[in-house]
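Take the sequence shown: its letters are residues 8 to 332, numbered as in the working numbering. For each residue, glycine too, the CB sits at the ideal point set by N, CA and C. Computed from a predicted structure; not experimentally measured. Worksheet: one structure, shown below.
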Amino acid sequence: MLDTRPLLKDTDFPLIRRGQLQTLQANLGYLCNLSCTHCHVNAGPRRTELMDRETIDTLLAFLHRHQLSCLDVTGGAPEMNPHFCDLVSAARAMGVTVIDRCNLTVLLEPGFEHMAAFLAGQRVCITASLPCYAENNVAEQRGKGVYENSVTALQRLNQLGYGSDPELPLNLVYNPNGDFLPPPQQQLQADYKRELMDRHGIVFNELLTITNMPISRFGSVLLAKGRYENYMQLLKDSYDAANLPAVMCRSLISVDWRGYVYDCDFNQMLDWPLRVDGQLIASDQHRVHLRDLLERDLSQRQIVVGEHCYGCTAGQGSSCSGALA
């Protein structure tokens, strides 16, 4: 697979520093029942990387020690980690908000039929990927049959109260199916709400638009098609400095399935580790482990940036919580 990493290191992106840490985002592993073309972690059914119990316990210790308000779990399909339910239950018992980044179809997989009810019982916020309200676009990006299964899963979540009960928020995520920026989030949200209700009787809370990052699987496709430079120019031409104060890395750190720490999920996929005081304080010479940060204050630390950071500041801006502007 072609790799964009060497092209991203030299950058004129502005220096930014972390503010108050609020969210711990944890990748529980790359195992997934889908292999989507836009996936920046190259997840799929054949991946074997999964966070172990010791690292799960470290996540919980870090949440408690730093009194964080939010645990954001992702993957792969995070629900496929065998310790997923224990992690969610323990975090919720601390009063921590849990966001599950769900691909929806996993809720229909054999062995996971209980998962939707579990998430509802724990009052977990579900942020679910649905690239389009139309079947053809979803099939192009995520595979045949994914749209139908996603609709079935959304209807099941609605039956449990998701999207209507204030304690059961259901948010959907839109990623473009090509090398262009998302349309305005509020306008697209109105279209999604109208079409999903009219076609399937589905309700949800918010639509989050996320820009595709020129890394991993999507970056490789750009290089293979000779479109990488044009896409990067689009991101730079669309740069808006007003988005800088709200970029997600200012209030979040990202942890990979082994427990190593990064400034964001995208830096994690690039293997660009978090630095403290300009240095690595790692268990090995290349990375910082979460257990090494239990007693560290990470506020005001400089964030590692690269060319891909223009993806978070282009147009309306982009983060794991959707548009910034």
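Comparing C-alpha distances from residue 205 to each of 141, 222 and 31 shows the shortest one belongs to 141. When the five nearest sequence neighbours on each side are left out, the beta carbons in the same chain lying within less than 6 Å of the beta carbon of residue 108 are those of 81 and 134, in order along the chain. Separation of residue 10 and residue 228 (C-alpha to C-alpha, rounded to the nearest whole angstrom) is 10 Å.
About 16 Å separates the beta carbons of residue 209 and residue 215, which is beyond the 8 Å limit, so they are not a contact pair.
Pairing residue 269 with residue 279, the inter-Cα distance amounts to about 7 Å. For residue 220 against residue 315, the beta-carbon gap comes to about 5 Å, under 8 Å, which counts as contact. Residue 30 and residue 122 have their C-alpha atoms spaced approximately 23 Å apart.
Counting only the Cα atoms, residue 276 lies some 24 Å from residue 112.
One Cα belongs to residue 190, the other to residue 320, and the distance between them is close to 14 Å. Per DSSP, the continuous alpha helix (DSSP H) segment holding residue 166 begins and ends at 153 to 166.
With fewer than three CB-CB distances shorter than 8 Å, the region 165 to 182 does not count as touching the region 231 to 247. Around the beta-carbon of residue 218, 16 or more other beta-carbon atoms lie within 10 Å, marking it buried. Contact between the region 56 to 76 and the region 86 to 99 is present: three or more C-beta pairs spanning the two stretches fall below 8 Å. Taking 7 Å as the cut-off, the Cβ atoms of residue 126 and residue 103 do not count as close.
Here residue 225 is buried, its C-beta having at least 16 other C-beta atoms within 10 Å. A direct Cα-Cα distance of roughly 15 Å separates residue 187 from residue 195. Burial state of residue 65 is buried, judged by a 10 Å Cβ sphere holding 16 or more other Cβ atoms. Distance from residue 313 to residue 16 at the Cβ level is roughly 6 Å; contact confirmed, criterion being Cβ atoms closer than 8 Å. A Cβ-Cβ separation of about 5 Å places residue 132 in contact with residue 106 under the 8 Å criterion. When the beta-carbon positions are compared, residue 305 and residue 28 come within less than 7 Å of each other.
The continuous alpha helix (DSSP H) containing residue 196 extends over residues 192 to 207. Judged by beta-carbon spacing, residue 34 lies within the 7 Å limit of residue 264, meaning their Cβ atoms are closer than that value. As a beta-bridge residue in DSSP terms, residue 329 pairs with 326.
Approximately 5 Å separates the beta-carbon atoms of residue 114 and residue 160; this is inside 8 Å, confirming the contact. When the five nearest sequence neighbours on each side are left out, the beta carbons in the same chain lying within less than 6 Å of the beta carbon of residue 317 are those of 242, 243 and 246, in order along the chain.
With a 10 Å radius around the Cβ and a threshold of 16 neighbouring Cβ atoms, residue 143 comes out exposed. Taking the CA atoms as reference points, residue 173 sits about 12 Å from residue 167. Residue environment for residue 50: buried (at least 16 other C-beta atoms within 10 angstroms of its C-beta). Between the C-alpha atoms of residue 170 and residue 164 there is a straight-line separation of about 8 Å. One alpha carbon belongs to residue 274, the other to residue 310, and they sit about 10 Å apart.
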